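Engineer: Would you mind keeping the following structure in view while I ask a few things?
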Amino acid sequence: MNRRHFLKKAAAASAMAAVAAMLPGVLFASDIESDHFPPGIDWTKAPCRFCGVGCGILVGVQNGKAVAVKGDPNSSVNKGMLCVKGYHQTMCISSADRLTKALVKKHGKYVETSMEEALDLVAAKMKETIDRHGKDAVAMYTSGQSTIPEGYVASKLMKGAIGTNNLECNARLCMASAVAGFLTTFGADEPMGCYEDIDHANVFILWGNNMAEMHPVLFSRLLDKRLTRKDVSIIDLATRTTRTSKAADKSILFKPQGDLAIANAICYELINNGWVNKSFVEKHVVFRKGKTDIGYGLEDKFAFKDEAQPIDFEQYKSFLEDYRPDKVEALTGVSAGDIKFLASLYGNPNKKVVSFWCMGMNQHTRGTWMNNLVYNIHLLTGKISQPGNGPFSLTGQPSACGTAREVGTFTHKLPKGVVTNKKHRELAAKIWKVPYDRIPDKPTYHATEMFRAVDRGEIKFIWIQATNPLVSLPKTSRYRPGMQKKSCFIVVSDVFPTPTTDVADVILPAAWHIEKSGLYGNSERRTQYWDRMTDAPGEAMPDAWMTIEVARRMGYGDLFPYSKEKHHEEIYNEYRQFHAGKQHNMAPLAILKKRSGVIWPYIEETGKSTLWRYNSKYDPACDPDKDFDFYGNADGKAVIWQRPYEAAPEMPDNEYPFWLNTGRVIEHWHTGSMTRRIPVLHQAVPHAYVELHPDDARQLGIVNGQKVKVISRRGTTILPASINERGLPARGQVFVPFFDEKMLINDVTLDAFCPISKEPDYKKCAVRIEKL
Amino acid sequence: MPVKSYIAFPRVGMKEQLIEVLKKTPHCEVMPALNKDVLVLVTDTADDQEEEALRQILYGIKELAHLNLVSGYSDKINQTDEKSSEHDNE
């Protein structure tokens with residue numbers, strides 16, 4: 000094996016990955032195997048840096064440099080497969096514009112500064128702001144890409160040391176509705192099932208989830224099952240025709256916001272046809288209703304608190320009369336026949352059904368309700384917490400679950416529980432060794448409101464880590480000028496320059512994924528550890544270590560007694576104490592170092608993962624005298640929620656006649672700060688575009704590739720038209736991917752959010768299209 | 000010294016014939032998909048002249064419907080790709 004042969008294998012791997020992206024499920028006999036690589040490469044396991052699937056990767060390092068990536072055949076997540084992003088991920092590390100030195104803005108220009116001096120400045124500014132304006136004038140905004148130790152020390156600094164709940168993260172923008180859905184229905188966050196459900200199910204119903212592009216490795220597993228078993232079918236339920244629709248057995252298009260009515264109509268059918276699992280419902284379910292007409296959060300300082308009222312089955316059944324399939328045809332755009340077909344799949348006792356969803360249901364002004372409604376279907380039929388049967392919300396970021404949700408880097412959260420719960424505050428104070436009353440008992444700002452508070456001048460210092468809000472927030476047309484105001488001192492830690500670092504007063508160079516050790520937690524509750532493999536360039540350092548250094552400079556050194564070399568291990572061992580017990584036991588570090596991840600709760604006695612929660616056959620936290628035990632709720636029962644259809648806050652009208660939907664493409668990950676620096680991916684999709692239906696394009700006189708303006712009441716962006724290419728929106732709808740900072744679609748979007756989860760809706764607002 | 004990879008689509012019903020033709024074509028290595036009508040083609044030529052000659056041969060193959068370039072590594076051309084593949088260098 001020489002260099003030439005090695006290059007050929009790398010080129011082949013790129014092409015195979017590209018084919019896999021185009022044709023999910025494709026198989027090659029000559030897959031890339033370790034013996035194709037030259038000797039002298041050290042292979043080290045890690046989770047992938049990108050999406051929430053959490054594929055296992057093996058990174059090849061030679062002479063201190065990452066030279067190759069391949070799928071980890073020992074990982075049960077991906078079984079050796081990777082997507083096009085996964086194969087190419089380490090290519091961004093050596094980008095020419097990599098941040099390697101701290102930059103401090105002086106007289107309007109960035110000046111290279113030593114990290115020591117920059118961290119001194121950050122600590123001094125944070126302390127000075129607290130002294131002058133109070134502790135709620137400082138904030139941190141972190142990420143579902145932060146490692147578990149990084150999220151943990153951020154929480155400890157803000158909530159335990161300083162004593163403010165001004166800690167939020169970008170997972171509010173993608174997963175908060177899933178969290179609120181889990182908590183309101185089951186009293187505990189995160190899916191009850193795991194990816195092994197794919198091996199057992201007959202039917203996969205995808206709710207607004209373009210899985211072929213967003214979770215391609217999992218989608219390949221679905222397609223593989225369909226190839227090898229005749230009784231497997233995939234149903235795509237979406238507002239736009241995508242690669243997923245084309246690969247599915249049936250594609251059902253619905254009108255934006257119509258999913259609320261579809262889910263209720265399915266429940267109507269289940270009851271009307273006698274397909275309810277009565278025994279399961281009687282033993283394990285209660286019925287409730289909440290407030291209605293709950294608003295959209297469009298105004299600053301919007302406040303909402305839901306109130307649950309008990310109802311009975313007959314009241315719920317009566318409520319569903321409004322959702323008879325033929326009654327909701329006009330509202331949903333879905334025929335009664337198709338709704339009955341969906342209900343028949345869920346209602347067939349001989350079929351095992353998994354529902355998958357991600358941003359379509361979560362980024363929704365009724366996102367919590369939508370999550371509740373899909374749980375209703377699975378609870379009515381008893382198809383839950385069993386191999387091949389269950390609702391499954393997928394995540395977008397590699398540690399949205401592990402860090403944002405489990406460590407709890409939200410304003411209302413603690414590493415275990417919530418700030419409003421006295422016992423949870425007491426536990427945190429005990430482990431953190433801080434006075435109990437230092438942790439405030441009220442949440443402050445959720446993500447959107449945090450940036451509104453920056454704009455209003457209330458937050459005067461913010462430290463942003465591992466995220467790019469000036470591309471990812473909705474309505475950046477407000478929040479970019481807000482961040483440019485002099486009233487707030489802005490610190491941004493990142494690996495590359497972004498539109499967010501552009502407005503920073505201090506830019507701190509961060510170590511990338513494999514340049515530090517860490518842990519991520521994926522969509523199926525799997526915690527994965529990796530070791531540092533290469534050195535970070537220049538003075539770049541892990542975000543956790545920056546936080547520790549700043550904490551020490553602020554006088555909190557006694558709370559952060561970690562060593563530079565082993566801080567990630569010391570932090571994880573401290574964090575693990577929060578989850579001791581059968582319900583959320585985290586695996587010891589020694590186990591995580593050996594395995595390609597462990598699904599919590601980890602069972603100490605057997606050394607195994609818990610694959611299905613709430614089912615006493617698999618979950619040791621259940622009452623052994625019950626078959627199912629939804630122990631997150633005090634009565635051990637899950638909740639079926641009565642949630643109605645309510646319209647979106649902004650709908651097309653004469654002035655703005657199109658629905659705008661935004662999302663992602665397989666080649667780019669989120670705001671593109673990494674994937675746009677990987678030439679293979681950048682060249683594949685070099686810029687964003689606006690997809691139009693061909694009839695709409697013809698009516699507007701727009702041809703493929705022509706530059707058009709997408710205009711809303713908030714802002715305008717100019718993009719080339721895409722007609723009959725990757726995706727096909729329905730008539731009256733347009734779609735724009737959000738990865739391109741040069742064609743910022745979030746200048747156009749609306750910052751309405753779900754009043755319960757506070758997650759913005761990026762999928763629905765009104766725009767008009769103009770030719771240039 | 001270009002090394003390139005392509006996705007190659009055969010004309011309908013001609014996958015096996017295309018594999019045979021490409022196997023006999025100099026500087027070509029072919030990796031067929033097992034379950035789809037698509038192939039991965041990796042080419043390895045000594046210089047730009049050889050590369051151009053191969054390109055002409057490929058475009059003349061009647062069993063080939065479409066060829067998509069995926070990646071290229073070269074000591075001379077495509078500096079962006081060369082830089083991106085820096086991590087692939089020994």
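If you read the protein sequences in the order shown, they are chains A and B. Counting in numbering that gives the first Met the number 0, the first sequence runs from 0 upward without gaps. Counting in numbering that gives the first Met the number 0, the second sequence runs from 0 upward without gaps. By construction, the Cβ of each residue, glycine as well, lies at the ideal position given by its N, Cα and C atoms. Just so it is clear, the structure is predicted and the values come from calculations on it, not from any experiment.
#1: Tell me which residue opens and which closes the beta strand (DSSP E) that S250/A is part of.
#2: Among D119/A, L120/A, A101/A, Q61/A, which one has its Cα closest to the Cα of E111/A?
#3: Quick one: is V20/B near chain A, going by C-beta distance under 8 Å?
#4: How many angstroms separate the CA atom of K82/A from the CA atom of S13/A?
#5: Can you tell me which of P600/A, A123/A, S154/A, F318/A puts its alpha carbon nearest to the alpha carbon of G407/A?
#6: Would you identify the three-state DSSP class for P498/A, choosing helix, strand or coil?
#7: Whole angstroms are fine: how far does the CA of L98/A sit from the CA of V490/A?
#8: To the nearest whole angstrom, what separates the beta carbons of E514/A and D534/A, a pair I think is in contact under 8 Å?
#9: Give me, in chain order, the residues of the same chain whose beta-carbon lies closer than 7 Å to that of Q88/A; leave out the 5 immediate sequence neighbours on both sides.
#10: Counting only Cβ-Cβ distances shorter than 7 Å, please list the residues of the segment 41–61 of chain B near chain A, keeping chain order.
#11: Closer than 8 Å by beta-carbon distance: list the chain A residues that pair up with E28/B, in chain order.
#12: Between L372/A and the rest of its own chain, which residues show a CB-CB distance below 7 Å, the 5 nearest in sequence each way excluded?
#13: Report yes or no: is there a C-beta of chain B within less than 8 Å of the C-beta of F36/A?
#14: Leaving aside the five residues before and after I31/A along the sequence, list all residues of the same chain whose C-beta is less than 8 Å from its C-beta, in chain order.
#15: If you follow the beta strand (DSSP E) that Y109/A is part of, which residue opens it and which one closes it?
#16: Name the residue from F286/A, P255/A, M191/A, I383/A whose alpha carbon lies nearest to the alpha carbon of I598/A.
#17: Taking just the CA atoms, how far does H669/A sit from G481/A?
#18: If the cut is a Cβ gap below 9 Å, which residues of chain B does F27/A touch?
#19: Following the continuous alpha helix (DSSP H) through G366/A, name the residue where it begins and the one where it ends.
#20: According to DSSP, is S721/A part of a helix, a strand, or is it coil?
#21: Applying the 10 Å Cβ sphere with the 16-neighbour rule, what's the burial state of D436/A?
#22: Starting from N660/A, follow the alpha helix (DSSP H) in both directions and report where the run begins and ends.
#23: State whether the segment 284–300 of chain A contacts the segment 749–764 of chain A, with contact taken as three or more CB pairs (one from each stretch) at a distance under 8 Å.
#24: Which partner residues does N420/A have in the DSSP bridge list?
#25: Would you say K23/B lies against chain A (beta-carbon separation less than 8 Å)?
#26: Ordered along the chain, which non-local residues of its own chain (more than five positions away) have a Cβ less than 7 Å from that of K415/A?
#27: Counting only beta-carbon separations shorter than 8 Å, does R767/A have a partner in chain B?
#28: Note down, in chain order, each residue of its chain lying with its Cβ closer than 8 Å to the Cβ of T781/A, except the 5 sequence neighbours on either side.
#29: Mind checking whether G51/A and L393/A have CB atoms under 8 Å apart?
#30: Is the Cβ of K14/B closer than 8 Å to any Cβ of chain A?
#31: In the DSSP assignment, what are the bridge partners of I506/A?
#32: With distances taken between CB atoms, is the gap from Y688/A to S721/A smaller than 8 Å?
#33: Taking 8 Å as the threshold (beta carbon to beta carbon), is K763/A in contact with chain B?
#34: For D47/B and P1/B, I'd like the C-alpha separation in whole angstroms.
#35: Bridge partners for L57/A per DSSP, in chain order?
#36: Have a look at I147/A and T715/A and give me their C-alpha separation to the nearest angstrom.
Structural biologist: In brief:
#1: 249–252
#2: A101/A
#3: no
#4: The sequence given here places Cys at residue 82/A; Lys does not occur at that position. C82/A and S13/A: Cα-Cα distance of roughly 10 Å.
#5: S154/A
#6: coil
#7: 14 Å
#8: 7 Å
#9: C47, R48, F49, V68
#10: V41, D43
#11: K7, A11
#12: L259, A262, N263, R642
#13: no
#14: Caution applies to I31/A, whose pLDDT of 47 falls short of 50 and renders its modelled position unreliable; the model cannot decide the point.
#15: 108–112
#16: M191/A
#17: 22 Å
#18: M30, P31, A32, L33, V39
#19: 366–380
#20: strand
#21: exposed
#22: No alpha helix (DSSP H) holds N660/A; the beta strand (DSSP E) holding it covers 657–662.
#23: yes
#24: Answer by DSSP bridge pairing: none, since N420/A is not bridged.
#25: no
#26: H423, L426, F577, H578
#27: no
#28: Since the first and last residues shown for chain A are 0 and 771, residue 781/A lies out of range.
#29: yes
#30: no
#31: L102/A, V491/A
#32: yes
#33: no
#34: 8 Å
#35: K44/A, K69/A
#36: 38 Å
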